[in-house]
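J.: Residue numbers (our numbering): 1 to 238.
Have a look at this one.
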């Protein structure tokens, strides 16, 4: 009987879990949840919506986005390498922020490009973590909501870079808009509401705004549909 029991124990270890970035083994070692990531995303959103447009205000936004990336990496169980990358990007953001307050538009545009890079990386990491759940649970839902909110911030940064690096006005209304205005325009476009009070003036702007609308709709169709299909009991109904 002891040999039989030992045989069962030996047989139980023959199917190790395949490792990939953000694997469940790594995630179990993390004590954080995507609720903290979502809180940082909301903090970034509220700051961009309420803070006056200025050099240090933009710097705070980039710092919040870098912190969101670090929290997403830690939560998704990607280890210290991702945290080190976040720290390096944060240091670059601080340097660019200081320079931007002294010089002006070109560096400000580069600062927003860095913010966009931070958001893209965070969305990718969160996507790995949500896929790693392999089922619909609270963490998967919080991660998916965090990624969707970050998409609006991503295009806010892209519009900011266009305003900072472009020669003319961003909007046909004759203004580049403040950070809060660009945030408003981004989320209205992402949700395909289209109030029409602000319109991008260049062909590049038109392309980017259409791309944002497509990304927003495809996200809902693909990610949300996938989560719904994995809900418990969806495949058991006859």
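All residues carry an ideal CB built from backbone N, CA and C; glycine is no exception.
Starting from residue 37, follow the alpha helix (DSSP H) in both directions and report where the run begins and ends.
T.: Counting along the chain, the alpha helix (DSSP H) containing residue 37 begins and ends at 34 to 50.
J.: Can you confirm whether the stretch 170 to 180 touches the stretch 140 to 155 when touching is taken to mean that 3 or more C-beta pairs between the two stretches lie within less than 8 Å?
T.: no
J.: Tell me whether the stretch 182 to 190 and the stretch 137 to 145 touch, counting them as touching only if at least three CB pairs, one residue from each stretch, are closer than 8 Å.
T.: no
J.: Give me, in chain order, the residues of the same chain whose beta-carbon lies closer than 6 Å to that of residue 69; leave out the 5 immediate sequence neighbours on both sides.
T.: Residues of the same chain with a CB within less than 6 Å of the CB of residue 69, apart from the 5 flanking positions on each side, are 86, 118, 121, 122 in chain order.
J.: Between which two residues does the alpha helix (DSSP H) holding residue 139 run?
T.: 138 to 165
J.: When the Cα of residue 112 is compared with those of 33, 94, 207, which residue comes out closest?
T.: 94
J.: How is residue 200 classed by DSSP in three states: helix, strand or coil?
T.: strand
J.: So, at 6 Å on beta carbons, what are the nonlocal neighbours of residue 183 in its own chain, with the 5 sequence-adjacent residues on each side left out?
T.: 48, 49, 156
J.: Quick check on DSSP: helix, strand or coil for residue 121?
T.: helix
J.: So, with DSSP's three-state summary, where would you put residue 192?
T.: coil
J.: Going by C-alpha distance, which of 53, 41, 61 is nearest residue 177?
T.: 53
J.: Can you name, in chain order, every residue of its own chain whose Cβ lies under 6 Å from the Cβ of residue 186, other than the five neighbours on each side?
T.: 152, 155, 156
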